[in-house]
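Undergrad: Each number in this note's numbering corresponds to the 1-based position in the sequence shown with 7 added. Sharing a structure with you now.
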Amino acid sequence: MLLLIDNYDSFTFNLVQRLGELDRALDLRVVRNDELTVDQIAALAPPPTHLIISPGPCGPREAGVSVELVRRLGGRVPILGVCLGHQCIADAHGLVVRRHTPPVHGKPALIHHVGRGIFASLPSPFEAARYHSLIVDPDSIDTAGWRVSAWTDEPDGQRIVMALERRWPPDQTAAGLGAPLIGVQFHPESYLTPRGHTLLENFLDLRPSAEIAPSARAAR
8 MLLLIDNYDS FTFNLVQRLG ELDRALDLRV VRNDELTVDQ IAALAPPPTH LIISPGPCGP
68 REAGVSVELV RRLGGRVPIL GVCLGHQCIA DAHGLVVRRH TPPVHGKPAL IHHVGRGIFA
128 SLPSPFEAAR YHSLIVDPDS IDTAGWRVSA WTDEPDGQRI VMALERRWPP DQTAAGLGAP
188 LIGVQFHPES YLTPRGHTLL ENFLDLRPSA EIAPSARAAR
């Protein structure tokens, strides 16, 4: 079961639509961020095999169960955070989420990436939509624990983190953790992200594993 946490945002419906367009049978359940407790979500039957945390109009501290859910299920099932969901992943692990000046709303950007995991078979750069006023502060990212897997360069020279992947330490992978934990600041569900379906397909191909490396698909 694919569980989608809705942070009361219209982009959630775009995610549902784009997921529905994929050529696969999905058992998709959408739950609002205050509809169930973390304990209730952890006890769902069947349990979620994948978790997506949606965009939203606020910050991580106003995102209901999202941050605590990352802490509880992170490393146990593949998790993808989109925009606010990305920021919730960062906040859950003590990274700094701060204002970005100026805000970016409804603008395409060129996304450069590492070419693996959810970015397999995507060109680098590719075009994606940005709608956000918050970012993960790059100075707060511990590179021993995180991999910056995508970025964009602003006209003023700033390099903005567009995707993060958790690097699980050996003691946690030995304890059975290590499922992919990934956040993207851009919006794969937007019409301004023509190749967003490829990224979502790649995410659904991920399995609980310390290595984020699904088989490369043919370019779509």
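Backbone N, C-alpha and C fix where the C-beta goes; we use that ideal spot for every residue, glycine too. Note that the structure is a prediction, hence the values are computed from the model and not measured.
I'd like the ranges of any alpha helix (DSSP H) spanning at least 4 consecutive residues and lying wholly in the region 162-195.
TA: The qualifying runs are 177-181.
Undergrad: Sort R166, G164, P162, Q179 by Cα distance to G152 and report the nearest one.
TA: Of R166, G164, P162, Q179, the residue nearest in Cα terms is Q179.
Undergrad: Residues in the same chain with beta-carbon distance under 6 angstroms from L10, minus the five sequence neighbours each way, listed in chain order, please.
TA: These residues qualify, in order along the chain: R36, P55, L58.
Undergrad: Taking the Cβ atom as the reference point for each residue, do I60 and C95 lie within a distance shorter than 8 angstroms?
TA: It is a contact, given that the beta carbons lie within the stated cut-off.
Undergrad: Going along the chain, which residues of its own chain have a beta-carbon closer than 7 angstroms to the beta-carbon of P84, five neighbours each way excluded?
TA: It should be noted that the sequence gives Val, not Pro, for residue 84. Contacts found: P55, T56, H57, L58, A186, P215.
Undergrad: Using beta-carbon positions only, say whether E196 and N21 come within less than 8 angstroms of one another.
TA: Yes, the Cβ-Cβ distance between E196 and N21 is below 8 angstroms.
Undergrad: Given 8 angstroms as the limit, is there contact between the region 155-165 and the region 99-119, that is, 3 or more CB pairs closer than that?
TA: They touch, by the three-pair rule.
Undergrad: Evaluate A220 with the Cβ neighbour count: other Cβ atoms within 10 Å of its Cβ, from every protein chain shown; 16 or more gives buried, anything less gives exposed.
TA: Confidence at A220 is low in this model, with a pLDDT of 37, below 50, so the placement of that residue should be treated as unreliable; the coordinate-derived value is given next. Per the 10 Å Cβ criterion, exposed.
Undergrad: Quick one: which unbroken alpha helix (DSSP H) runs of 4-plus residues sit fully inside the region 96-170? Chain order, please.
TA: Listed in chain order, nothing qualifies, since the region 96-170 has no complete alpha helix (DSSP H) run of 4 or more residues.
Undergrad: Just verifying my parser: in three-state terms, what is the DSSP assignment at L29?
TA: Residue state, collapsed to three classes: coil.
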